[in-house]
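To keep things clear, I will list the structure first and then write my remarks on it.
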Amino acid sequence: MAATDLERFSNEEKRNLSLGGHVGFDSLPDQLVSKSVTQGFSFNILCVGETGIGKSTLMNTLFNTTFETEEASHYESAVRLRPRTYDLQESNVHLKLTIVDAVGFGDQINKDESYRPIVEYIDTQFENYLQEELKIRRSLFDYHDTRIHVCLYFITPTGHSLKSLDLVTMKKLDSKVNIIPIIAKADTISKSELHKFKIKIMSELVSNGVQIYQFPTDDEAVAEINSVMNAHLPFAVVGSTEEVKVGNKLVRARQYPWGVVQVENESHCDFVKLREMLIRVNMEDLREQTHTRHYELYRRCKLEEMGFKDTDPDSQPFSLQETYETKRKEFLGELQRKEEEMRQMFVNKVKETEAELKEKERELHEKFEHLKRIHQEEKRKVEEKRRELEDEMNAFNRRKVAVETLQSQSLQATSQQPLKKDKDKKNFFSLPSAYSITTGRYVN
Ligand code: GTP
Ligand code: MG
273 MAATDLERFS NEEKRNLSLG GHVGFDSLPD QLVSKSVTQG FSFNILCVGE
323 TGIGKSTLMN TLFNTTFETE EASHYESAVR LRPRTYDLQE SNVHLKLTIV
373 DAVGFGDQIN KDESYRPIVE YIDTQFENYL QEELKIRRSL FDYHDTRIHV
423 CLYFITPTGH SLKSLDLVTM KKLDSKVNII PIIAKADTIS KSELHKFKIK
473 IMSELVSNGV QIYQFPTDDE AVAEINSVMN AHLPFAVVGS TEEVKVGNKL
523 VRARQYPWGV VQVENESHCD FVKLREMLIR VNMEDLREQT HTRHYELYRR
573 CKLEEMGFKD TDPDSQPFSL QETYETKRKE FLGELQRKEE EMRQMFVNKV
623 KETEAELKEK ERELHEKFEH LKRIHQEEKR KVEEKRRELE DEMNAFNRRK
673 VAVETLQSQS LQATSQQPLK KDKDKKNFFS LPSAYSITTG RYVN
């Protein structure tokens, strides 16, 4: 059935009926509350502000407890996110609270990249949630949602204006998280200066197009208080875990030689306003905004990046199945193209190697032929030499035989005739004693 037919059918079928008696589905809201209470809640706060600005103290003051904290050094080479999760309980409501500290924020000489780890952390939490959502077997019911619901941005109480680092960071974060800017350590700035400072901050945020979280005014029950509180932004807060006796009451305050700053006194600071807005009135809205606005935006961009669309180029509805088929075809086409490319590359490589091998073979052959020629030449020379030597040996032997014959003849003659003169005898017997191969002569 086409979508339009389905719409017409359901419009036609919808009729208002009145009930004859109590049925019981008016208890649905109670069922919802009961289910949520059993399930518990999670709330994740990101604290961004310079080292020592009072982040941990404010968290301790807000939740009236002491969270484990360790002071950050001013020598961090980059901003690092440190999440810590706590299980809190108030009445029968369980809250899984995660406080994420941006450790080392504002401590680097080059602060250009300070926002990046924060953005990456927020995106990673969105990505984890998206991956869980896309699983075939999802377990979102007991999934620990770590998406950041609110970013408390701690502004240094300079009384002047926002630093460029503040503006850049808030601008980078405003589409990803609900930002509530707060002026920290507000007891260090005078009342008139604070008033001007607040106006200045708000005008700078507006002129730089930074979207901060606005307390919702669409729900009648909280519209009035929320619109009043929107006018008080940014809240100027004081934090303290110290208890001081004021009158006959112990209150959380900061004590100075000249007086006491009471954290929960609305004429001293906006701490109570912040707690009311953040925890008592708008906690659920912050969670909802995170899911319906910021996460939705992340999800949409991510899926579009992956090639999923709701409509085709002609603005016609495009189903997931069609997108999948198109993507699959694209992927297979790409795979085939890559395969062909690799095959071609392989063939070329083989051809190249073959040519190289052939060239090497030719070179070797040439070398071999050259060596063979040299060897033959040498062999020929040696052969020649050998022949010469043999000839000389033969000549020598012949002479030797001749000499021996002569010697024996002369010996015979001497034994028959008287001895001749010594001179003649010497000449006759003056025979060579050695034969030189190098000169080819007989030497004495
Ligand atoms: P790191 O985690 O090290 O970055 O510091 P932090 O931002 O958590 O600051 P922390 O809460 O540790 O406070 C640092 C110092 O500031 C402590 O001495 C606090 O007592 C002091 N401090 C905290 N809040 C306030 C405040 O509202 N006013 C004043 N005057 N001092 C404060
Ligand atoms: Mg701290």
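Residue numbers for the sequence shown follow our numbering, beginning at 273 and rising by one. Glycine included, C-beta positions come from ideal geometry on N, C-alpha and C.
**Message:** Just to confirm the assignment, what range does the alpha helix (DSSP H) spanning residue 623 have?
**Reply:** Here the question's residue 623 lines up with position 351 in the sequence shown. From DSSP, the alpha helix (DSSP H) with residue 623 extends over 592 to 688.
**Message:** Using a 10 Å radius around the Cβ and a threshold of 16 neighbouring Cβ atoms, would you call residue 493 buried or exposed?
**Reply:** Indexing the sequence shown from 1 puts residue 493 at position 221. Exposed, since its Cβ has fewer than 16 Cβ neighbours within 10 Å.
**Prompt:** With distances taken from CA atoms, which of 339, 316, 343 and 335 is nearest residue 325?
**Reply:** Taking the sequence shown and counting its residues from 1, the one referred to as residue 325 is at position 53. It is 343.
**Prompt:** Measuring from the CB of residue 512, is there a heavy atom of ligand 2 at a distance below 7 Å?
**Reply:** The residue you call residue 512 lines up with position 240 of the sequence shown. For ligand 2, not one heavy atom lies less than 7 Å from the Cβ of residue 512.
**Message:** Which of the three DSSP states is assigned to residue 374 in this structure?
**Reply:** Position 102 of the sequence shown, counting from 1, holds the residue named residue 374. Three-state result, residue 374: strand.
**Asked** Three-state secondary structure (DSSP) at residue 273?
**Response** Taking the first residue of the sequence shown as position 1, residue 273 is located at position 1. Only weak support is given to the placement of residue 273: the predicted model assigns it a pLDDT of 46, under 50, and the value that follows is read from those uncertain coordinates. Coil.
**Message:** Given this structure, state the Cα-to-Cα distance separating residue 532 from residue 297, to the nearest angstrom.
**Reply:** Position 260 of the sequence shown, counted from the first residue, corresponds to residue 532. Position 25 of the sequence shown, counted from the first residue, corresponds to residue 297. Cα-Cα distance, rounded: 54 Å.
**Request:** State yes or no: is the C-beta of residue 308 nearer than 7 Å to some heavy atom of ligand 1?
**Result:** Here residue 308 corresponds to residue number 36 of the sequence shown, with the count starting at 1. Residue 308 Cβ: outside cutoff for every heavy atom of ligand 1.
**Prompt:** Sorted by chain position, which residues of the same chain lie with C-beta nearer than 6 Å to residue 599's C-beta, five sequence neighbours on each side aside?
**Reply:** Your numbering for residue 599 matches position 327 in the sequence shown. So the qualifying residues of the chain are 579.
**Asked** Does the count of Cβ pairs from the region 495 to 515 and the region 451 to 467 closer than 8 Å reach three?
**Response** yes
**Request:** Would you mind sorting residue 459 into buried or exposed? The rule is 16 or more other CB atoms within 10 Å of its CB.
**Result:** Position 187 of the sequence shown, counted from the start, is the residue given in the question as residue 459. Answer is buried; the Cβ neighbour count reaches 16.
**Pick from 369, 353 and 340 that is closest to residue 321, judged by C-alpha positions** = Counting from 1 along the sequence shown, the entry for residue 321 is found at position 49. With distances taken between CA atoms, residue 321 lies nearest to 353 out of 369, 353 and 340.
**Message:** Using 8 Å as the threshold, is the C-beta distance between residue 267 and residue 365 below it?
**Reply:** In this structure the chain extends from 273 to 716, so residue 267 is not present and cannot be described.
**Message:** For residue 488 and residue 605, I'd like the C-alpha separation in whole angstroms.
**Reply:** Within the sequence shown, residue 488 is the residue found at index 216, counting from 1. Within the sequence shown, residue 605 is the residue found at index 333, counting from 1. For residue 488 and residue 605, the distance between alpha carbons rounds to 50 Å.
**Asked** Taking the alpha helix (DSSP H) that residue 461 falls in, what are its first and last residues?
**Response** Here residue 461 corresponds to residue number 189 of the sequence shown, with the count starting at 1. Element bounds for residue 461: n/a, residue is neither H nor E.
**Identity of the residues DSSP links to residue 721 by a beta bridge** = Examination of residue 721 is not possible in this model, given that the chain is present from 273 through 716 alone.
**Asked** Mind checking whether the beta-carbon of residue 525 lies closer than 7 Å to any heavy atom of ligand 1?
**Response** Taking the first residue of the sequence shown as position 1, residue 525 is located at position 253. Result no, Cβ not under 7 Å from ligand 1.
**Request:** Could you name the residues whose beta carbon sits closer than 7 Å to any heavy atom belonging to ligand 2, keeping them in chain order?
**Result:** 327, 328, 341, 343, 344 and 373
**Asked** Between residue 582 and ligand 1, is the CB less than 7 Å from at least one heavy atom?
**Response** Here residue 582 refers to the residue found at position 310 of the sequence shown. No, Cβ of residue 582 sits at least 7 Å from all heavy atoms of ligand 1.
**Prompt:** Where do the ends of the alpha helix (DSSP H) carrying residue 394 lie?
**Reply:** Here the question's residue 394 lines up with position 122 in the sequence shown. Note, residue 394: alpha helix (DSSP H), 388 to 406.
**Request:** Please report how far the alpha carbon of residue 357 lies from the alpha carbon of residue 327, in whole angstroms.
**Result:** Within the sequence shown, the letter at position 85 stands for residue 357. Within the sequence shown, the letter at position 55 stands for residue 327. When rounded, the distance between both Cα atoms is 16 Å.
**Prompt:** Within 7 Å: the Cβ of residue 459 and any heavy atom of ligand 1?
**Reply:** Counted from its first residue, the sequence shown places residue 459 at position 187. Yes, since a heavy atom of ligand 1 falls inside the 7 Å radius drawn around the Cβ of residue 459.
**Asked** Just to confirm, does residue 473 get its C-beta within under 7 Å of one of the non-hydrogen atoms of ligand 1?
**Response** Taking the sequence shown and counting its residues from 1, one reaches residue 473 at position 201. Checking the 7 Å criterion, the Cβ of residue 473 is out of range of every heavy atom belonging to ligand 1.
**Request:** Below 6 Å CB to CB, which residues in the same chain sit around residue 443 once its five sequence neighbours on both sides are set aside?
**Result:** By 1-based counting over the sequence shown, the position of residue 443 is 171. Once the five neighbours on either side are set aside, the close Cβ partners of residue 443 are 482.
**Coarse secondary structure for residue 471, derived from DSSP in three states** = Position 199 of the sequence shown, counting from 1, holds the residue named residue 471. Residue 471: helix per DSSP, three-state reduction.
**Asked** Closest to residue 559 by CA distance: which of 417, 304 and 462 is it?
**Response** As a first step, residue 559 is located in the sequence shown; it is residue number 287 there, counting from the start. When each option's Cα is compared against that of residue 559, the closest is 417.
**Prompt:** With which residues is residue 531 paired in a DSSP beta bridge?
**Reply:** What you label residue 531 is simply residue 259 of the sequence shown in a count that begins at 1. Per DSSP, 528.
**Prompt:** For residue 365, which three-state DSSP category applies?
**Reply:** Position 93 of the sequence shown, counted from the first residue, corresponds to residue 365. If DSSP states are grouped into helix, strand and coil, residue 365 belongs with the strands.
**Message:** Does the beta-carbon of residue 564, which I'm using as the reference point, lie nearer than 7 Å to any heavy atom of ligand 1?
**Reply:** Counting from one through the sequence shown, the residue named residue 564 turns up at place 292. Result no, Cβ not under 7 Å from ligand 1.
**Prompt:** Are residue 240 and residue 437 touching if we call contact CB-CB under 8 Å?
**Reply:** Residue 240 lies beyond the range of the chain shown here (273 to 716); nothing can be said about it.
**Message:** Can you list, in chain order, the residues of its chain with a C-beta nearer than 6 Å to that of residue 393? Leave out the 5 residues immediately preceding and following it.
**Reply:** Walking along the sequence shown from the start, residue 393 turns up at place 121. Contacts found: 353.
**Prompt:** Would you report the Cα separation of residue 464 and residue 477, rounded to the nearest angstrom?
**Reply:** Within the sequence shown, the letter at position 192 stands for residue 464. Within the sequence shown, the letter at position 205 stands for residue 477. A direct Cα-to-Cα measurement between residue 464 and residue 477 gives close to 20 Å.
**Request:** Return the first residue and the last residue of the alpha helix (DSSP H) that residue 573 is part of.
**Result:** The sequence position of residue 573 within the sequence shown is 301, counting from 1. Element bounds for residue 573: 568 to 577.
**Message:** Can you confirm whether the region 418 to 437 touches the region 310 to 318 when touching is taken to mean that 3 or more C-beta pairs between the two stretches lie within less than 8 Å?
**Reply:** yes
**Prompt:** Does any C-beta atom of chain C lie closer than 8 Å to the C-beta of residue 586?
**Reply:** Reference to chain C is not applicable here, since this structure consists of a single protein chain.
**Item:** Under the three-state DSSP convention, the category residue 562 falls into
**Value:** Here residue 562 corresponds to residue number 290 of the sequence shown, with the count starting at 1. In the structure shown, residue 562 sits in a helix (DSSP, three-state: H, G or I).
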